[in-house]
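Numbering (this note's numbering), first residue to last: 242 to 561.
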């Protein structure tokens with residue numbers, strides 16, 4: 242058996258970070274990326290299980306890989322879909338050599354070296370890089386993602402993420418600092434902080450950690466770099482965070498702030514801990530304090546119980 246690899250990372254940027262960890266672990270142990278993916282000895286697919294479309298993409302990717310890979314090659318399937326629908330994947334594709342749950346991607350070396358079919362799908366929900374676990378960034382060299390937490394404290398009615406990823410788990414300030422410094426040392430200029438909800442960072446730890454304190458700590462470092470914030474719920478955006486973005490140009494004036502809807506009845510049905518009035522106040526405050534800010538959001542239509550009037554209320558909000 243050879244030692245060449247082919248990687249496919251599906252889904253979100255958090256998944257990509259996990260894929261980069263698997264890649265680094267294997268390269269560190271003598272494996273190498275195949276110049277021709279179809280001729281690789283090992284095909285590793287890191288799946289997403291968030292939406293039905295994402296799960297179908299995972300199925301299609303496995304099916305396509307099985308058709309093109311060379312005889313004797315092995316396919317290893319990891320990630321979120323494995324954690325929630327491993328049995329379905331095993332039934333559809335008995336050719337799969339090994340399964341790794343989303344919390345078990347650091348066991349990729351075991352999966353690749355195994356002569357027998359197998360699985361490591363632990364009861365833990367998500368993987369959080371710690372200590373000296375390696376990672377090889379695969380993004381263009383000027384930017385990279387830094388995952389500061391996994392899991393979610395929210396309980397939105399429409400979302401499967403807490404079931405897949407489990408409760409909130411934040412990295413320590415020391416771990417984040419080490420990874421941040423490593424990325425800067427590699428020449429990365431834009432570091433994108435990611436989590437299920439950045440605003441919840443540190444709320445699971447005894448130390449007095451919060452997104453504000455983390456940003457202030459990272460901004461103490463000298464040098465030309467930028468920090469971008471992704472996935473920040475509107476109810477977590479307060480005056481202190483706005484002030485940090487306003488006063489330090491190294492925090493990019495950009496927020497990925499999913500609001501889902503603007504109608505109060507639907508927000509309650511969705512178990513969202515905010516209101517139309519609070520969302521509007523936050524947006525107006527952001528526009529006032531940081532006029533050039535870019536706000537990206539996610540909106541949901543067709544939620545069970547949504548009326549035509551509520552849909553039009555959302556349309557009117559977007560147009561304004």
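Cβ coordinates follow ideal geometry from the N, Cα and C atoms, glycine included.
query                                                                                                                                                                            : result
Restricting to runs no shorter than 4 residues, where is the alpha helix (DSSP H) found entirely within the stretch 262 to 346?                                                  : 293 to 309 and 321 to 333
Quick one: grab the DSSP three-state call for residue 431.                                                                                                                       : strand
Does DSSP put residue 556 in a helix, in a strand, or in coil?                                                                                                                   : helix
With 16 as the cutoff for other CB atoms within 10 Å, does residue 396 come out buried or exposed?                                                                               : exposed
Short check: CB of residue 318 to CB of residue 295, under 9 Å?                                                                                                                  : no
Could you pull the start and end residues of the beta strand (DSSP E) that residue 250 belongs to?                                                                               : 245 to 250
On the DSSP letters alone, give me the boundaries of the alpha helix (DSSP H) that residue 508 sits inside.                                                                      : 505 to 510
In whole angstroms, give me the CA-to-CA distance for residue 431 and residue 265.                                                                                               : 21 Å
When burial is assigned at 16 or more other CB atoms within 10 Å of the CB, is residue 333 buried or exposed?                                                                    : exposed
So does the stretch 483 to 502 actually touch the stretch 537 to 550, counting three or more Cβ pairs closer than 8 Å?                                                           : yes
Drop a sphere of 10 angstroms on the beta-carbon of residue 259, count the other beta-carbons inside from all chains shown, and report buried for 16 or more, exposed for fewer. : buried
Apart from the five residues on each side of it in sequence, which residues of its chain come closer than 8 Å, Cβ to Cβ, to residue 325?                                         : 290, 401, 404 and 405
With a Cβ-Cβ cutoff of 9 Å, do residue 371 and residue 320 count as a contact?                                                                                                   : no
Would DSSP call residue 551 helix, strand or coil?                                                                                                                               : helix
State the DSSP-derived secondary structure class of residue 535, mapped to helix, strand or coil.                                                                                : strand
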